[in-house]
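Numbering (the working numbering), first residue to last: 81 to 588. Before any comments, here is the structure.
Have a look at this one:
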């Protein structure tokens with residue numbers, strides 16, 4: 081592969097962190113450095129030789145620094161093809177020196193937007209010269225080394241110190257690929273800023289990527305794009321798998337509904353809660369969450385909305401579970417839970433989630449607002465003569481939170497702040513109800529005066545009939561069926577309290 085030696089470099093960077101060893105190595109190798117503005121001042125402060133860009137171009141920085149490097153002398157030096165006789169004749173004619181290496185770190189546009197800066201400040205952080213330098217140098221990677229962000233400083237330092245400034249074609253191609261990643265991501269964020277909440281083209285860019293052990297199944301490759309360290313501190317255990325991540329997401333989204341509740345513990349399996357309870361202590365909440373379905377809890381994901389203490393850790397430890405998530409752990413609890421080498425322990429940080437969701441299907445994508453609606457008793461519309469007790473109203477709120485986060489069609493049965501059972505992902509609501517009642521009976525729950533929540537309306541009165549026969553006496557559902565009155569009439573005739581919310585919570 082064609083080896084090229086760096087003899088000259090243009091440096092124009094926002095962040096100077098990590099730059100010093102690079103410019104010192106360049107100076108030591110006699111590489112001519114061109115620069116401007118703050119980067120030029122930085123190099124001069126180190127006592128190293130640097131040629132100002134305006135000396136090279138014969139044109140000063142203008143418009144408050146908006147135009148510094150946008151000049152034919154600069155881009156001719158970068159873009160000329162060293163083996164093209166026509167290019168070589170032209171650069172010789174106009175006295176344009178070759179530029180073999182371009183080092184750029186762009187204005188921090190994304191960080192400026194995130195800081196809540198004014199529109200004027202955001203606009204001024206749209207880099208023009210830097211992005212042009214990146215694209216030009218990356219296009220001519222056959223002859224030019226491009227370093228497009230401080231994240232690539234280490235690779236350039238390696239080329240300078242270990243290879244005497246010589247690079248091969250594949251190294252330059254890899255740096256060019258990284259450069260176009262930087263430029264496309266940067267432009268995508270600018271587009272998203274201008275788009276705001278308007279409808280427009282879909283552009284997704286995430287530069288953090290982690291290779292997973294495999295995808296949903298061992299024969300499938302998998303990657304996670306994002307920065308999990310923003311959400312969690314990983315204290316122990318193996319790496320999270322594709323399926324772990326799906327379950328962790330479901331667990332975190334569910335527990336967000338209980339952030340302000342009393343101590344609550346949930347156990348999830350295949351994205352659905354198989355156990356959850358709210359109790360005066362987190363240990364009692366775990367005990368009752370496990371009692372919901374101890375069979376499904378094997379290999380599950382555990383999540384708490386309070387610190388896990390020593391007592392709770394001792395209760396958890398005998399269970400084989402993939403992941404435990406909590407806002408904190410007592411030191412003794414951590415020691416106990418770390419006794420299983422592969423068990424993943426995560427501390428969840430305060431965070432917010434994207435306002436929208438995206439998934440691929442067919443030959444495209446579907447996008448939607450995240451379902452952030454959650455109804456409580458103040459939103460309930462009583463449509464029957466019978467009233468729920470105060471305790472049942474609390475259970476209806478509890479059940480509705482679960483229904484929102486369970487695969488449709490779903491029916492959730494709750495009593496005394498504890499999941500009795502759920503029917504998950506069934507093709508009919510009746511099947512979901514039968515499944516829930518059967519599971520509750522298998523695990524010894526008394527459904528007398530329990531409550532029921534449905535993610536969608538009842539098109540027929542069959543569900544309330546079956547529920548009443550099982551002992552359920554209070555129901556919450558969206559309503560909206562043209563046959564709502566049939567279910568309401570049955571409830572009125574049989575002493576069942578029913579409330580509608582007007583909000584459906586399908587989850588597919």
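Note that the Cβ used here is the ideal one computed from N, Cα and C, for glycine as well. Just so you know, these numbers come straight off a predicted model, no measurement behind them.
Alpha carbon to alpha carbon, what distance is there between residue j and residue i?
i: residue 71; j: residue 253; result: An answer regarding residue 71 cannot be provided, because it is not within the stretch 81 to 588 covered by the chain.
i: residue 404; j: residue 147; result: 53 Å
i: residue 377; j: residue 351; result: 12 Å
i: residue 356; j: residue 292; result: 29 Å
i: residue 233; j: residue 150; result: 23 Å
i: residue 548; j: residue 576; result: 7 Å
i: residue 579; j: residue 568; result: 9 Å
i: residue 358; j: residue 102; result: 57 Å
i: residue 243; j: residue 125; result: 27 Å
i: residue 120; j: residue 99; result: 12 Å
i: residue 90; j: residue 181; result: 6 Å
i: residue 201; j: residue 189; result: 9 Å
i: residue 588; j: residue 488; result: 6 Å
i: residue 208; j: residue 187; result: 9 Å
i: residue 460; j: residue 573; result: 21 Å
i: residue 628; j: residue 251; result: The structure shown does not extend to residue 628, since the chain spans only 81 to 588, so no value can be given for it.
i: residue 414; j: residue 331; result: 20 Å
i: residue 541; j: residue 327; result: 34 Å
i: residue 171; j: residue 177; result: 7 Å
i: residue 478; j: residue 301; result: 38 Å
i: residue 513; j: residue 419; result: 40 Å
i: residue 141; j: residue 155; result: 16 Å
i: residue 397; j: residue 344; result: 18 Å
i: residue 321; j: residue 354; result: 20 Å
i: residue 410; j: residue 498; result: 25 Å
i: residue 520; j: residue 475; result: 16 Å
i: residue 113; j: residue 106; result: 8 Å
i: residue 360; j: residue 374; result: 21 Å
i: residue 454; j: residue 339; result: 13 Å
Could you check if residue i is buried or exposed, using at least 16 other CB atoms within 10 Å of its CB as the buried criterion?
i: residue 495; result: buried
i: residue 335; result: buried
i: residue 481; result: buried
i: residue 238; result: exposed
i: residue 372; result: buried
i: residue 173; result: exposed
i: residue 571; result: buried
i: residue 434; result: exposed
i: residue 558; result: buried
i: residue 485; result: buried
i: residue 220; result: buried
i: residue 412; result: exposed
i: residue 277; result: exposed
i: residue 305; result: exposed
i: residue 257; result: exposed
i: residue 456; result: exposed
i: residue 581; result: buried
i: residue 194; result: exposed
Per the DSSP calculation, residue i is bridged to which residue(s)?
i: residue 362; result: Its beta-bridge partners do not exist; DSSP assigns none.
i: residue 355; result: 347
i: residue 532; result: 493 and 555
i: residue 401; result: 380
i: residue 84; result: 247
i: residue 503; result: 491
i: residue 428; result: 312
i: residue 142; result: 147
i: residue 571; result: Residue 571 pairs with nothing; no bridge assigned.
i: residue 181; result: 89 and 225
i: residue 578; result: 555
i: residue 132; result: 115
i: residue 406; result: 427
What whole-angstrom Cβ distance do residue i and residue j have, given they're in contact under 8 Å?
i: residue 561; j: residue 538; result: 6 Å
i: residue 483; j: residue 493; result: With a Cβ gap of about 10 Å, residue 483 and residue 493 do not count as contacting.
i: residue 83; j: residue 246; result: 5 Å
i: residue 533; j: residue 552; result: No, residue 533 and residue 552 are not in contact; Cβ-Cβ is about 10 Å, not under 8 Å.
i: residue 363; j: residue 342; result: Residue 363 to residue 342, Cβ: 13 Å. No contact.
i: residue 313; j: residue 287; result: No, residue 313 and residue 287 are not in contact; Cβ-Cβ is about 21 Å, not under 8 Å.
i: residue 380; j: residue 349; result: 5 Å
i: residue 406; j: residue 388; result: 5 Å
i: residue 259; j: residue 206; result: Rounded, the Cβ-Cβ distance is 18 Å, inconsistent with contact.
i: residue 184; j: residue 92; result: 6 Å
i: residue 535; j: residue 490; result: 5 Å
i: residue 448; j: residue 436; result: 7 Å
i: residue 425; j: residue 311; result: With 8 Å as the limit, residue 425 and residue 311 do not qualify as a contact, their Cβ atoms being about 14 Å apart.
(Q) List, from N- to C-terminal side, the alpha helix (DSSP H) runs of 4 residues or more that fit wholly inside the stretch 282-324. (A) none
Runs of 3 residues minimum, wholly inside the stretch 86-121: which ones carry the beta strand (DSSP E) assignment?
88-93 and 112-115
Quiz item: Which residue spans inside the stretch 435-498 form an unbroken beta strand (DSSP E) run of at least 3?
Solution: 436-441, 444-449 and 491-494
Output the residue ranges of the beta strand (DSSP E) runs that lie fully inside the stretch 210-234 and measure 3 residues or longer, sorted by chain position. 225-227
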